[in-house]
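Asks: Quick one: the structure is below, questions incoming.
Protein chains in written order, with the numbering used here: chain A, 2 to 468; chain B, 2 to 468.
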């Protein structure tokens with residue numbers, strides 16, 4: 002691929018933009034093939050599609066000038082955070098300039114009393130939490146990877162804590178955005194709520210760089226809980242595990258994390274981590290609150306789990322013990338990769354109403370067996386969201402075709418159950434057709450908004466929508 | 002005003018639309034002056050501006066046909082819920098057809114396991130909670146009035162419970178919307194979260210009927226808490242009351258309601274309700290949870306309040322006692338009205354970061370004194386949101402001018418503090434200029450969206466934005 006990137010000759014308009022950027026940005030503009038290759042690829046199995054150049058701004062004003070220049074020449078703009086997306090979000094499908102946000106990585110202001118923080122988009126979530134720790138504050142959204150806050154905002158990330166704290170949708174208070182013509186707007190104020198006009202904040206959250214470049218983000222924060230406890234419990238079957246999740250949430254237990262791993266996932270972890278966990282549907286839980294509160298919560302869930310046939314309920318507030326209990330969950334992604342040492346993993350997700358979760362997973366497991374594939378399932382069960390780790394074997398076209406068909410059936414199954422084609426990974430260019438299958442006529446409204454805000458289609462073109 | 006309504010002659014295009022609607026809707030189309038007068042007015046002091054006719058559909062399909070007809074003739078469409086808005090939202094500024102949603106008042110489906118419900122827009126929040134009660138479920142958003150769910154969605158309502166449960170922004174899962182050309186879309190699925198495309202749900206929540214007519218709403222529900230407790234506490238000054246709120250929230254106490262009434266509000270209540278409450282800043286609190294949980298929560302808050310100088314902390318879980326404790330809060334609106342038996346009340350609101358709340362209220366109180374007006378303040382303190390009840394005396398132009406200037410200074414003060422010109426009442430046509438003051442260049446983005454989705458400006462024209 003690096004060869005291919007090297008050989009590609011940029012269009013004349015791109016060459017002009019690159020020349021101007023070189024003058025202004027000097028060494029912060031790169032045309033090196035290896036750099037372009039890296040910025041054209043995320044963590045998915047999608048091949049790199051390199052941009053024509055990569056520029057690294059340090060301020061909103063610089064981003065504005067870059068976008069204005071690209072707009073003049075109708076050259077595509079692709080924002081890049083950490084490259085941890087999973088649906089080809091950063092691929093330069095139509096060439097253009099990748100804007101590397103990694104040097105815009107300052108925590109600008111923390112407001113302890115208001116429980117909010119203003120950050121630049123290149124700040125990663127781990128960096129942010131390290132920064133906040135001594136103030137007794139934290140930002141809960143945890144999509145697994147140490148993604149940038151800008152990327153998490155653009156992709157409406159969620160992850161394990163969403164069942165309690167919500168997703169980026171609920172936790173972004175305001176944004177600074179550079180529009181497709183280079184103008185800069187603030188989408189909202191720091192106030193906790195507002196009824197003033199259209200909700201532009203939520204419009205840009207999840208827009209995947211297709212409506213503008215996010216250059217500043219105000220986030221909600223939370224006090225680090227006084228006590229955190231973890232629990233693990235195994236179940237005779239999927240239905241009893243999911244019934245435990247449903248009853249727990251109906252009961253109003255403010256569980257912070259409630260993760261479901263299926264037999265295949267546990268088996269993969271046993272192989273990878275040399276553990277001997279019972280190969281059965283397993284829930285991993287975490288509780289946040291006061292010492293008495295977490296004890297009460299876990300007591301209630303233990304009863305609920307027992308009523309549903311759960312067994313071997315292990316519970317602890319000790320940090321080391323907690324890490325040991327959750328190690329299996331943390332190893333899940335690596336364990337999936339280890340199943341296919343010579344291939345790649347296609348990590349995909351859907352999200353369904355929780356009443357449909359057991360059936361959706363069960364049907365998908367049946368389909369996996371019938372497709373003669375190995376594909377573990379792990380899910381943020383409290384949200385009805387689950388992941389499938391499909392093998393990608395590019396040297397076995399027939400196997401890849403089987404995986405693709407399985408994937409399509411899973412998404413269509415989720416849609417038929419009132420679910421969505423992606424709970425947290427986004428559309429990128431990997432799920433364009435599924436967006437249409439899911440939203441139908443509403444896609445025309447999304448397209449009208451895209452065309453109103455980006456009439457020349459220069460903002461991350463080819464993602465979310467075909468224009 | 003009724004006379005004025007009677008005399009107005011509709012434009013020829015409106016006459017055609019009305020004739021067609023009469024054919025289809027028969028008695029469900031009204032041109033009667035008294036009816037039009039009623040549908041042109043909300044609960045604010047803004048005068049009625051009657052529509053040319055009022056039509057009462059019973060289905061999404063009927064709404065679609067009405068809007069399609071209006072679109073053909075470029076006749077304005079104004080959706081009407083219960084008329085409890087506060088910024089002239091239902092006024093027919095440019096004439097047109099008011100769509101009365103009150104006969105679309107069915108609860109369509111409750112999903113107990115998923116904790117969600119699908120309703121028609123005319124269902125009111127009290128009707129919904131009555132319906133849900135026997136299932137052990139409730140919908141928490143409480144803007145005071147028994148508003149329709151459609152109106153609450155269109156105006157992004159919030160109210161007393163928002164500090165714990167969020168606003169309509171967080172609690173609407175999906176919408177069915179009739180667009181400006183009559184097409185019908187679903188904005189989302191029932192899944193708890195999604196990363197699939199632009200967040201159309203949040204775009205229509207708070208759009209005040211200017212982008213489409215909402216004809217079906219899917220809402221999040223919650224289990225009725227096992228225990229509810231209430232508390233009241235008085236403070237020597239505003240700062241100590243607000244400090245108690247800030248520390249409570251920083252501490253992670255999941256308080257369900259935390260309301261602040263100022264001295265003027267308490268004084269008004271004493272006069273109205275013949276009570277002898279201490280005329281001092283007062284917090285009204287409510288806790289939801291398990292029996293042990295609410296006890297723990299209120300114990301923590303009592304300590305925090307005492308540390309800040311709070312006194313006379315009264316606490317109870319008994320329903321009758323709870324109602325007695327909160328009676329003063331419930332009487333607040335009536336008490337404000339009783340201050341001006343011959344006039345009206347101008348109920349306005351702003352919302353600021355909570356760290357600015359005490360100063361914003363204190364400065365506003367000073368301004369009220371210096372303006373020689375009586376205007377109580379009551380606020381959803383946990384969100385930094387407060388209301389001012391200004392007197393409206395239409396026979397005293399000088400006094401009204403003083404009230405208007407005070408209002409403008411309060412809004413600009415809130416904006417200067419990083420706040421918003423309205424936390425929950427919305428823009429309507431009463432706060433158009435403040436929207437511009439708040440959002441600046443971002444208003445052009447709102448306008449671009451409005452023009453893309455409603456090119457002929459027929460959807461509740463003149464509200465939120467000038468086009």
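We treat Cβ as the ideally placed atom computed from N, Cα and C, and that holds for glycine.
With respect to the alpha helix (DSSP H) encompassing residue 368 of chain B, which residues constitute its N-terminal and C-terminal limits?
Replies: 358-371
Asks: Determine, for residue 81 of chain B, whether the minimum Cβ-Cβ distance to residues of chain A falls below 9 angstroms.
Replies: no
Asks: Does the beta carbon of residue 187 of chain A sit closer than 9 angstroms to a beta carbon anywhere in chain B?
Replies: yes
Asks: Would you say residue 19 of chain B and residue 43 of chain B are within 9 angstroms of each other, going by their C-beta atoms?
Replies: no
Asks: Along chain A, in chain order, which residues have C-beta atoms closer than 7 angstroms to that of residue 386 of chain B?
Replies: Under the 7 angstroms cutoff, chain A gives 194.
Asks: By Cβ distance, which residues of its chain are closer than 6 angstroms to residue 413 of chain A, with the 5 residues on each side in sequence left out?
Replies: none
Asks: Of all the options A/356, A/158, A/439 and A/351, which has the alpha carbon lying nearest to the alpha carbon of residue 111 of chain B?
Replies: A/356
Asks: Could you tell me the distance, in whole angstroms, from the CA atom of residue 14 of chain A to the CA atom of residue 76 of chain A?
Replies: Going from the Cα of residue 14 of chain A to the Cα of residue 76 of chain A covers about 7 angstroms.
Asks: Closer than 9 angstroms, CB to CB, is residue 425 of chain B near chain A or not?
Replies: yes
Asks: Could you check how far apart the C-beta atoms of residue 230 of chain A and residue 302 of chain A are, in whole angstroms? I think they sit under 8 angstroms.
Replies: The Cβ separation is near 10 angstroms, so there is no contact.
Asks: Is the stretch 181-193 of chain B in contact with the stretch 393-411 of chain B, if contact means three or more CB pairs nearer than 8 angstroms?
Replies: no
Asks: For residue 27 of chain A, which residues of its own chain have a beta-carbon under 6 angstroms away from its beta-carbon, when the five flanking residues on both sides are left out?
Replies: none
Asks: Whose C-beta lies closer than 6 angstroms to the C-beta of residue 3 of chain B among residues of the same chain, with five residues either side of it excluded?
Replies: With a pLDDT of 40 at residue 3 of chain B, under the threshold of 50, the modelled position of this residue cannot be trusted; read the value that follows with caution. Listed in chain order, the non-local C-beta contacts of residue 3 of chain B below 6 angstroms within the same chain comprise 34 and 38, local neighbours out to five positions each way being set aside.
Asks: If you run the structure through DSSP and keep just helix, strand and coil, what is residue 139 of chain A?
Replies: strand
Asks: Might you give, ordered along the chain, the residues of its own chain that have their beta carbon closer than 7 angstroms to the beta carbon of residue 463 of chain A, omitting 5 neighbours on each side?
Replies: 94, 95 and 430
Asks: Is residue 381 of chain B near the ligand NAD, with its Cβ less than 8 angstroms from a heavy atom?
Replies: For the ligand NAD, the structure offers nothing, since it holds no ligand at all.
Asks: Got a sec: is the Cβ-Cβ distance from residue 290 of chain B to anything in chain A below 9 angstroms?
Replies: For residue 290 of chain B, the closest Cβ of chain A is nearer than 9 angstroms.
Asks: Does any CB atom of chain A fall closer than 9 angstroms to the CB of residue 360 of chain B?
Replies: no
Asks: At which residues does the beta strand (DSSP E) containing residue 422 of chain A begin and terminate?
Replies: Premise fails: residue 422 of chain A is in no beta strand (DSSP E) and is neither H nor E.
Asks: Hey, residue 98 of chain B and residue 67 of chain B are a contact pair by Cβ (cut 8 angstroms); roughly how many whole angstroms apart?
Replies: 7 angstroms
Asks: List the endpoints of the continuous beta strand (DSSP E) containing residue 314 of chain B.
Replies: 312-317
Asks: Could one say the Cβ of residue 204 of chain A lies closer than 9 angstroms to chain B's Cβ atoms, at least one of them?
Replies: At least one C-beta of chain B is nearer than 9 angstroms to the C-beta of residue 204 of chain A.
Asks: To which residues of the same chain is residue 234 of chain B closer than 6 angstroms at the C-beta, ignoring the five residues directly before and after it?
Replies: 284, 306, 311 and 314
Asks: Please confirm if residue 446 of chain A has its CB atom under 9 angstroms from at least one CB of chain B.
Replies: yes
Asks: For residue 243 of chain B, count neighbouring C-beta atoms within 10 Å of its own C-beta (all shown protein chains included) and say buried if the count is 16 or more, exposed if not.
Replies: buried
Asks: Interface residues of chain A around residue 114 of chain B at Cβ under 7 angstroms?
Replies: 247, 355 and 356
Asks: Does the beta carbon of residue 431 of chain B sit closer than 9 angstroms to a beta carbon anywhere in chain A?
Replies: Against chain A, the CB of residue 431 of chain B has no partner CB under 9 angstroms away; the residue lies outside that interface.
Asks: Nearest chain B C-beta to residue 256 of chain A closer than 9 angstroms, yes or no?
Replies: no
Asks: Helix, strand or coil for residue 71 of chain B, going by three-state DSSP, please let me know.
Replies: helix
Asks: In three-state terms, what does DSSP make of residue 380 of chain A?
Replies: strand
Asks: Identify the contact partners of residue 168 of chain A in chain E, using a Cβ-Cβ distance below 7 angstroms as the criterion.
Replies: Here chain E cannot be found, since the structure's protein chains are A and B.
Asks: Which residue from B/329, B/446, B/263 and B/338 puts its Cα closest to that of residue 363 of chain B?
Replies: B/263
Asks: List the residues of chain A whose Cβ lies closer than 7 angstroms to the Cβ of residue 97 of chain B, in chain order.
Replies: What residue 97 of chain B touches in chain A: nothing, since even the nearest Cβ is about 21 angstroms away.
Asks: Once you ignore the five residues that flank residue 237 of chain B on each side, which residues in its own chain have a CB closer than 6 angstroms to its CB?
Replies: 310
Asks: Helix, strand or coil, according to DSSP, for residue 81 of chain B in the structure here?
Replies: Strand at residue 81 of chain B.
Asks: Would you identify the three-state DSSP class for residue 337 of chain A, choosing helix, strand or coil?
Replies: helix
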